[in-house]
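The next block holds one structure in the form of structure tokens; read it before the comments.
Protein chains: 2
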Amino acid sequence: MSDLAKAIGFSKAYIYKFFESKQAIGEMICTNCLLEIEQDVRAAVDEAEGAPEKLRRMFKTIVKSSLRLFFQDRKLYEIAASAAGERWAATVAYEQRIQDLLQDILQQGRQNGDFERKTPLDEMAKAVYLVLHPYLHPLILQYNFDNAEEAPTHLSSLVLRSLAP
Amino acid sequence: MSDLAKAIGFSKAYIYKFFESKQAIGEMICTNCLLEIEQDVRAAVDEAEGAPEKLRRMFKTIVKSSLRLFFQDRKLYEIAASAAGERWAATVAYEQRIQDLLQDILQQGRQNGDFERKTPLDEMAKAVYLVLHPYLHPLILQYNFDNAEEAPTHLSSLVLRSLAP
């Protein structure tokens, strides 16, 4: 709290006028951080043409943006790690929105004939999300540093082969 | 060390006649633990008919056996976690042997026409290993508890769809 007060130039007492607790401040910081990752991912997905390329961009951007945000700042990482480990509301909502985005891309690819339609959509979405999950969870991501550069390419290629009609 | 000495009924001094250090004892325990997982996996793979079923069994058994060994005993888990986090020789060798086994199964499936042969074998093996890795790494596995029951089925199905000729 002292660091935060110093960084933004207000007294601790003043900050506590706006927040109920330290936890509430942590949750707001975490929500903002996850929203920033999500915005990066949505921008990259919107920019891409066609579901296969959107999926590639999603994998790539989630890893890149998570690494940048979680690991640029030790304190930010600690908040994100607590949020993921203790399943704060911000984390649960973020993971759900990422799953929804993934499902939208799969749905679009199925409609356009880019992806197969034999496997039930929810099963497909669940499996692909399981592949992605280790790269958006800050506590897991720290053990994937060595792979983080090439994993998105390898994994999205594998997933796209599995989605091929 | 005191716990270990008590458990096996020898004095600490006697144990140190056989091992250079506490680290050496930890490495031996870790090596044995990983060998046990590997034996379970090989037995399950050998028992199965055909490369696709072997791959399914590999995913399933690695998760089941890792969960059992890593999490039945807090001390054993701590050793395995240190070994994975600090990349002890036992962990590096274990991961390599699992990758070799995976590559053998893929190779066999390609020869028998169960798997496609367009994707280079090493690229295929690398991608599949990346999918499996979060479930054999004790530090990551602890965050996959909620998924551990159904993940092997979903992931091996996704992988098998991606390997289909």
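These protein sequences, in sequence, are chains C and Y.
Everything in the first sequence is counted per our numbering, starting at 1 for the first residue and increasing by one.
Everything in the second sequence is counted per our numbering, starting at 1001 for the first residue and increasing by one.
Glycine included, C-beta positions come from ideal geometry on N, C-alpha and C.
1. I need the straight-line Cα distance from Glu53 of chain C to Lys118 of chain C, nearest angstrom please.
2. Is Ile98 of chain C closer than 8 Å to Leu55 of chain C when the C-beta atoms are compared?
3. Rounded to the nearest angstrom, what separates Glu86 of chain C and Val92 of chain C at their Cα positions?
4. Out of curiosity, what's the CA-to-CA distance linking Ala1048 of chain Y and Arg1057 of chain Y?
5. Ordered along the chain, which non-local residues of its own chain (more than five positions away) have a Cβ less than 7 Å from that of Ala80 of chain C?
6. Confirm, please, whether the CB-CB distance from Ile1037 of chain Y to Ser1065 of chain Y is below 8 Å.
7. May I ask you to report which of helix, strand or coil DSSP gives Gly1109 of chain Y?
8. Using alpha carbons as the reference points, say which of C:Tyr16, C:Val63, C:Phe18 and C:Ala84 lies closest to Asn144 of chain C.
9. Please check the pair Leu130 of chain C and Leu1155 of chain Y, which I expect to be a contact at CB under 8 Å, by giving their CB distance rounded to whole angstroms.
10. Is Ile165 of chain C buried or exposed, if buried means 16 or more other CB atoms sit within 10 Å of its CB?
11. Extract the residue ranges of the alpha helix (DSSP H) inside the region 1002–1037 of chain Y, only unbroken runs of 4 or more that lie entirely within it.
12. Since Glu1116 of chain Y contacts Leu1160 of chain Y with CB under 8 Å, what's their CB separation in whole angstroms?
13. Check the Cβ-Cβ distances between Tyr1143 of chain Y and every residue of chain C, and say whether any is below 8 Å.
14. Compute the Euclidean distance between the alpha carbons of Glu27 of chain C and Asp100 of chain C, then round it to the nearest angstrom.
Straight from the coordinates:
1. Residue numbering aside, residue 53 of chain C sits at position 53 when the first sequence is read from its first letter. Residue numbering aside, residue 118 of chain C sits at position 118 when the first sequence is read from its first letter. For the pair Glu53 of chain C and Lys118 of chain C, the Cα-to-Cα distance works out to about 21 Å.
2. Along the first sequence, one-based indexing puts residue 55 of chain C at 55. Along the first sequence, one-based indexing puts residue 98 of chain C at 98. No, the pair does not count as a contact, with Cβ atoms beyond the cut-off.
3. To locate residue 86 of chain C, count along the first sequence from 1; it is residue 86. To locate residue 92 of chain C, count along the first sequence from 1; it is residue 92. Approximately 10 Å between the Cα atoms of the pair.
4. Taking the second sequence and counting its residues from 1, the one referred to as residue 1048 of chain Y is at position 48. Taking the second sequence and counting its residues from 1, the one referred to as residue 1057 of chain Y is at position 57. Taking C-alpha positions only, Ala1048 of chain Y is separated from Arg1057 of chain Y by approximately 7 Å.
5. Position 80 of the first sequence, counted from the start, is the residue given in the question as residue 80 of chain C. Correct list, in chain order: Cys30, Cys33, Phe70 and Pro138.
6. Stepping through the second sequence from its first residue, residue 1065 of chain Y is reached at position 65. Stepping through the second sequence from its first residue, residue 1037 of chain Y is reached at position 37. For Ser1065 of chain Y and Ile1037 of chain Y, yes; Cβs fall inside 8 Å.
7. For the purposes of this step, residue 1109 of chain Y is taken as the residue at position 109 of the second sequence. In this structure, Gly1109 of chain Y counts as helix in the three-state DSSP scheme.
8. For this step, residue 144 of chain C is matched to residue 144 along the first sequence. Looking at the Cα atoms, C:Val63 is the closest of the given residues.
9. Along the first sequence, one-based indexing puts residue 130 of chain C at 130. Along the second sequence, one-based indexing puts residue 1155 of chain Y at 155. 6 Å between Cβ atoms; contact.
10. On the first sequence, position 165 is the one that residue 165 of chain C refers to. Looking at the sequence provided, one finds Pro at residue 165 of chain C rather than Ile. Answer is exposed; the Cβ neighbour count stays below 16.
11. DSSP runs (the alpha helix (DSSP H)) wholly in the region 1002–1037 of chain Y: 1002–1008 and 1012–1015.
12. If you number the second sequence from 1, residue 1116 of chain Y lands on position 116. If you number the second sequence from 1, residue 1160 of chain Y lands on position 160. That pair is no contact at about 11 Å.
13. Residue mapping note: residue 1143 of chain Y aligns to position 143 of the second sequence, counting from 1. Chain C contact via Cβ: present.
14. Position 27 of the first sequence, counted from the first residue, corresponds to residue 27 of chain C. Position 100 of the first sequence, counted from the first residue, corresponds to residue 100 of chain C. Cα to Cα, Glu27 of chain C sits roughly 22 Å from Asp100 of chain C.
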